[in-house]
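Numbering (this note's numbering), first residue to last: 5 to 251.
Even for Gly, the Cβ is constructed at its ideal location relative to N, Cα and C.
Take a look at the structure below.
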Ligand SMILES: [Zn+2]
């Protein structure tokens, strides 16, 4: 067995047995993986804070063909997730975004795009940009990269250019007036414009834009409905985050 080395972002850290942790992490080339960090629950363990969710690390791990989970040999910190955890909304947003990525990325999917997206989103959270636009950005992009909708310019069914208002069919994305069935959601033009801006702007620039609270609320509601339809349930951390952001 040759040790493998990869940059990774930690998605989840699950205490297991008395002294160990099961770690879910995302790599740019090998997608989402699981790995055992033996002894990681000890008080003065060799991993330190490097296995906290959303920490960016350099991992060395051993892979056995017969086993799904790798064995994590070492983790050295590239960027700590710690400063974000000093503020409740930011910390919950980080947990929620980690859960979203974990839910939508399949094991072994090549995930360079999702990895770069998550990396920039964490950077924006750590830089103190407004929390809710960052959360909206993550929600929409994770759906898009997860294949939940293909385009906001062309009809998902007949590929014709879409006119305004945008129509969203919860079962498969945006459709033209000819393909729309009863029950499609009409999207207000200002919300459609916000969606267009989100999809064409880097996260830090998007979070710095002046955005009307109502438009952001409606855009997030649209993303939430699409996500719930695909998953059949809500993400575990969603309601708590909402109560803190909106409370
Ligand atoms: Zn159509």
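#1: Please state whether the Cβ-Cβ distance between residue 119 and residue 207 is less than 9 Å.
#2: Could you tell me if residue 236 is buried or exposed, where buried requires 16 or more neighbouring beta carbons within 10 angstroms of its beta carbon?
#3: May I ask you to list the residues that DSSP assigns as paired with residue 62?
#4: Looking only at its own chain, which residues have a Cβ that is under 8 Å from the Cβ of residue 24, when we skip the five neighbours before and after it?
#5: Express the C-alpha separation of residue 143 and residue 165 in angstroms, rounding to a whole number.
#6: Using the three-state DSSP reduction, which class does residue 142 fall into: helix, strand or coil?
#7: Is the Cβ-Cβ distance between residue 178 and residue 155 less than 9 Å?
#8: Looking at residue 172 and ligand 2, is the gap between the Cβ and the nearest heavy atom below 8 Å?
#9: Strictly closer than 6 Å from CB to any heavy atom of ligand 1: give me those residues in the order they appear in the chain.
#10: Going by the DSSP bridge assignment, what does residue 41 pair with across the sheet?
#11: By how many angstroms is the C-alpha of residue 226 removed from the C-alpha of residue 159?
#12: When DSSP labels each residue in this structure, what does residue 20 get in the three-state scheme?
#13: Would residue 98 and residue 57 qualify as a contact pair, given that the criterion is a beta-carbon distance under 9 Å?
#14: Taking 8 Å as the cut-off, does the stretch 126 to 141 touch the stretch 90 to 107 (at least 3 CB pairs, one atom from each stretch)?
#15: So if DSSP puts residue 111 in a beta bridge, which residue, or which two residues, is it bridged to?
#16: Which residue wins for smallest C-alpha separation from residue 244, given the options 74, 61, 64 and 101?
#17: Report all residues from its chain with a CB closer than 6 Å to the CB of residue 10; omit the five preceding and five following residues, and keep chain order.
#18: What are the boundary residues of the alpha helix (DSSP H) that residue 207 is part of?
#19: The alpha helix (DSSP H) with residue 245 in it runs from where to where?
#20: Between 37, 212, 54 and 224, which has its C-alpha nearest residue 110's C-alpha?
#21: Going straight from the alpha carbon of residue 180 to that of residue 7, what length do you get?
#22: If I measure Cβ to Cβ from residue 2 and keep anything under 7 Å in the same chain, skipping five residues before and after, which residues do I get?
#23: Quick one: using the 10 Å Cβ neighbour count with 16 as the cut-off for buried, is residue 80 buried or exposed?
#24: So what does DSSP say about residue 168, is it helix, strand or coil?
#25: For residue 230, count neighbouring Cβ atoms within 10 angstroms of its own Cβ and tell me buried if that reaches 16, exposed if not.
#26: Applying the criterion that 16 or more other CB atoms from any shown protein chain within 10 Å of the CB defines a buried residue, is residue 17 buried or exposed?
Concretely, from the data shown:
#1: On the chain shown, position 115 is the one that residue 119 refers to. On the chain shown, position 203 is the one that residue 207 refers to. Contact: no.
#2: What you label residue 236 is simply residue 232 of the chain shown in a count that begins at 1. With fewer than 16 other Cβ atoms within 10 Å, it is exposed.
#3: Looking up residue 62 in the chain shown gives position 58. Note: residue 62 sits in a beta bridge opposite 11 and 80.
#4: On the chain shown, position 20 is the one that residue 24 refers to. Answer for residue 24: 40, 41, 42, 43, 44 and 45, listed in chain order.
#5: In the chain shown, the residue the question calls residue 165 occupies position 161. In the chain shown, the residue the question calls residue 143 occupies position 139. Rounded to the nearest angstrom, the two C-alpha atoms are 24 Å apart.
#6: Translated into the one-based positions of the chain shown, residue 142 becomes position 138. It is helical.
#7: What you label residue 178 is simply residue 174 of the chain shown in a count that begins at 1. What you label residue 155 is simply residue 151 of the chain shown in a count that begins at 1. Result yes, Cβ atoms of residue 178 and residue 155 sit closer than 9 Å.
#8: Because ligand 2 does not appear in the structure shown, any question about it cannot be addressed here, the ligands present being ligand 1.
#9: 159, 161, 162, 164, 179, 180, 182 and 183
#10: If you number the chain shown from 1, residue 41 lands on position 37. Beta-bridge pairing by DSSP links residue 41 to 25.
#11: As a working note, residue 159 is residue 155 in the chain shown. As a working note, residue 226 is residue 222 in the chain shown. Those two C-alpha atoms are separated by around 17 Å.
#12: Walking along the chain shown from the start, residue 20 turns up at place 16. In the structure shown, residue 20 sits in a strand (DSSP, three-state: E or B).
#13: Locating residue 98 in the chain shown gives position 94, where the first residue counts as 1. Locating residue 57 in the chain shown gives position 53, where the first residue counts as 1. Cβ distance < 9 Å, so residue 98 and residue 57 count as in contact.
#14: These segments touch.
#15: For this step, residue 111 is matched to residue 107 along the chain shown. The partner list for residue 111 (beta bridge, DSSP) reads 36.
#16: Working through the chain shown from its first residue, we reach residue 244 at position 240. The option with the nearest alpha carbon to residue 244 is 101.
#17: Walking along the chain shown from the start, residue 10 turns up at place 6. Result list for residue 10: 31 and 63, in chain order.
#18: The count along the chain shown starts at 1 and reaches residue 207 at position 203. 207 to 212 is the span of the alpha helix (DSSP H), which, as asked, contains residue 207.
#19: Taking the chain shown and counting its residues from 1, the one referred to as residue 245 is at position 241. Element bounds for residue 245: 242 to 250.
#20: Against the chain shown, residue 110 aligns to sequence position 106. Ranking the options by Cα distance to residue 110, first place goes to 37.
#21: Start at 1 with the first residue of the chain shown, and residue 180 comes out as number 176. Start at 1 with the first residue of the chain shown, and residue 7 comes out as number 3. If I take the Cα positions, the gap works out to 52 Å.
#22: Because the chain here runs from 5 to 251, residue 2 falls outside it and cannot be looked at.
#23: In the chain shown, the residue the question calls residue 80 occupies position 76. Exposed, because fewer than 16 other Cβ atoms sit within 10 Å of the Cβ of residue 80.
#24: Translated into positions along the chain shown, residue 168 becomes position 164. If DSSP states are grouped into helix, strand and coil, residue 168 belongs with coil.
#25: Position 226 of the chain shown, counted from the start, is the residue given in the question as residue 230. When all chains shown are included, residue 230 counts as buried.
#26: Position 13 of the chain shown, counted from the start, is the residue given in the question as residue 17. Buried: at least 16 other Cβ atoms inside 10 Å.
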